[in-house]
Amino acid sequence: MEKMLAARLHIPSRTLRMTEVDRPEPGPGQVLVKVRAAGVCLSDVHLIDGTLTPLLLEGDTVTLGHEVSGTIAATGPGVTGWPVGRRVVLYAGEVRDGVTYTRGVDYDGGWAEYALSSADALTVLPDAIPFDQGAIIPDAVSTPWGAITMTGAVRPAEAVGVWGAGGLGVHAVQLLRAVGACPIIAVDPSEVARERALAAGADLALDPADPGLRESVEAATAGGRLAAAFDFAGVPAVREQALALLAPKGRLVLVGLTDRPLTVADGTRFSYLQQRILGHYGSDMPVALPELLRLTQQGRLDFAGSISEVLPLSRAAEAVDMLNRKAGDPVRLILRP
């Protein structure tokens with residue numbers, strides 16, 4: 279059997295190793311994809327540092343990588359409509375017996391030379407979109423898209439705050455601009471991230487430590503505060519700050535992951551103002567991915583600036599370290615087999 283290189287995480291020891299493994303063979307209803315680009319996400323970092331743990335993984339080792347693009351290499355029995363060589367983007371997960379499994383978490387992902395996918399868990403990548411940009415759309419773009427359009431239900435001209443202008447938040451700014459939110463206020467402690475948010479379309483970018491933050495938000499919203507606030511940082515202090523800036527009936531959407539508790543400082547005020555806290559995870563892939571690919575193909579969205587660096591697959595551990603340390607303030611690092 280042919281071998282391939284893969285970045286495999288041993289869950290009990292949280293050890294990431296580059297390993298030669300058997301190249302998988304597609305079974306019934308599956309396709310084999312030659313990986314051309316795979317994104318490195320903060321979720322991958324959290325899997326390695328133990329903050330996140332797979333719930334549905336069979337065994338104790340998994341190939342990481344849930345942001346994947348490539349070309350069809352082979353198809354299994356019963357699969358039609360996917361010719362060899364077709365450019366594709368893989369969904370970040372698959373539904374099996376009514377349960378959602380996350381690629382690169384609950385089953386082997388795309389930090390490898392080849393990856394398996396169910397034939398109904400991928401879509402065509404238009405020729406106009408490079409593999410690098412296509413790879414990040416299933417999470418770094420579709421997750422904030424789902425948070426904005428579905429969970430947060432943002433409407434045109436609504437005032438919106440984005441806490442955390444990193445790999446998800448900076449895309450949220452661009453997407454909020456696309457759906458007509460106004461004003462868009464980004465909040466991040468990093469000056470580089472704030473500048474990045476302004477370049478992506480934010481109307482205002484603030485430091486969360488700024489003692490005049492509340493006054494700045496109220497001035498930008500003509501005293502109306504925020505109809506919606508999005509936490510992409512996963513930090514309790516961020517959530518408390520965002521809650522304090524919500525308008526009546528405003529909603530706080532939690533996208534960043536944390537195992538820390540959330541505190542509502544004034545429950546009576548929260549209830550009186552009929553505010554809401556909404557959890558969000560992932561997106562509706564069959565709907566979101568084609569929408570985003572179409573918007574990108576037509577020039578409404580541009581993620582070229584999100585690709586901070588491309589590294590060979592063999593340097594996966596280095597890429598994880600760079601993202602963990604925020605070396606160079608990356609948005610997305612890409613691994614290329």
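Mapping of the sequence shown onto the working numbering: position 314 corresponds to residue 592, and the numbering continues sequentially without gaps.
Even glycine gets a Cβ: it sits at the ideal position worked out from N, Cα and C.
Beta-carbon spacing of residue i, residue j below 7 Å
i       : j       : result
Ala-480 : Ile-462 : yes
Arg-529 : Arg-554 : yes
Gly-560 : Thr-427 : no
Ala-443 : Ala-487 : no
Leu-611 : Ala-597 : yes
Asp-509 : Arg-517 : yes
Tyr-369 : Pro-416 : yes
Asp-322 : Leu-294 : no
Gly-371 : Thr-378 : yes
Thr-353 : Leu-556 : no
Glu-298 : Lys-281 : yes
Val-432 : Ala-506 : yes
Thr-339 : His-288 : yes
Pro-302 : Leu-394 : yes
Leu-484 : Val-465 : yes
Ala-425 : His-558 : yes
Gly-534 : Ala-511 : yes
Val-451 : Ala-478 : yes
Thr-574 : Ile-326 : no
Gly-328 : Arg-292 : yes
Leu-310 : Tyr-392 : yes
Gly-356 : Gly-412 : no
Val-495 : Leu-524 : no
Leu-570 : Trp-360 : no
Thr-499 : Ala-437 : yes
Pro-568 : Leu-551 : no
Leu-613 : Leu-579 : no
Endpoints, beta strand (DSSP E) assigned at residue i
i       : result
Gly-557 : 554-557
Gly-439 : 438-441
Endpoints, alpha helix (DSSP H) assigned at residue i
i       : result
Asp-338 : Run containing Asp-338: none; DSSP gives neither H nor E here.
Arg-614 : Arg-614 -> not in any alpha helix (DSSP H); beta strand (DSSP E) instead, spanning 610-614.
Arg-547 : 545-550
Nearest candidate by alpha-carbon position, reference residue i, set the options
i       : options                            : result
Ile-414 : Glu-345, Ala-285, Leu-504          : Glu-345
Asp-607 : Arg-593, Leu-589, Leu-613, Ser-584 : Ser-584
Ala-403 : Gln-411, Ala-393, Val-367          : Correcting the residue type first, residue 403 is Leu in the shown sequence and not Ala. Leu-403 has its Cα closest to that of Val-367, out of Gln-411, Ala-393, Val-367.
Ala-316 : Leu-334, Gly-382, Ala-543, Leu-310 : Gly-382
Arg-547 : Leu-521, Leu-535, Pro-568          : Leu-521
Pro-514 : Ser-494, Thr-536, Ala-525          : Thr-536
Thr-380 : Trp-423, Trp-360, Gly-363, Glu-336 : Glu-336
Asn-591 : Arg-578, Pro-615, Gln-552, His-449 : For the record, residue 591 in the displayed sequence is Leu; it is not Asn. Comparing Cα-Cα distances from Leu-591 to each of Arg-578, Pro-615, Gln-552, His-449, the minimum goes to Pro-615.
Tyr-385 : Ala-543, Ala-399, Val-318, Leu-334 : Leu-334
Asp-562 : Val-419, Leu-540, Pro-290          : Val-419
Phe-621 : Tyr-550, Val-609, Leu-601, Ala-605 : The structure shown has nothing for residue 621, since the chain only spans 279 to 615.
Leu-540 : Gln-519, Leu-551, Pro-526          : Gln-519
Arg-314 : Gly-363, Arg-286, Thr-331          : Gly-363
Asn-602 : Gly-445, Thr-331, Leu-320          : Leu-320
Thr-349 : Ala-397, Pro-332, Gly-376, Arg-492 : Ala-397
Leu-400 : Pro-332, Pro-564, Arg-455, Lys-604 : Pro-564
Glu-587 : Ala-605, Met-279, Gly-577          : Ala-605
Residues bridged to residue i [DSSP beta-bridge criterion]
i       : result
Val-346 : Ala-316
Arg-286 : Arg-295, Thr-341
Ala-351 : DSSP lists no partner for Ala-351.
CB contact below 7 Å: residue i versus chain D
i       : result
Ala-471 : The question asks about chain D, but that chain is absent: this structure has only one protein chain.
- [ ] Any chance you could list the alpha helix (DSSP H) runs of at least 4 consecutive residues sitting entirely within the stretch 456-538, in chain order?
- [x] 469-478, 491-498, 514-522
task = Please specify which runs of the beta strand (DSSP E), each continuous and at least 3 residues long, are wholly inside the stretch 354-428, giving them in chain order.
result = 365-368, 371-374, 377-380, 392-396, 400-402
Inset, instruction - Return the chain-ordered ranges of every alpha helix (DSSP H) run that is complete within the stretch 566-604 and spans a minimum of 4 residues. - result: 594-603
Query - Minimum length 4: unbroken alpha helix (DSSP H) runs contained in the stretch 288-334 - result: 320-327
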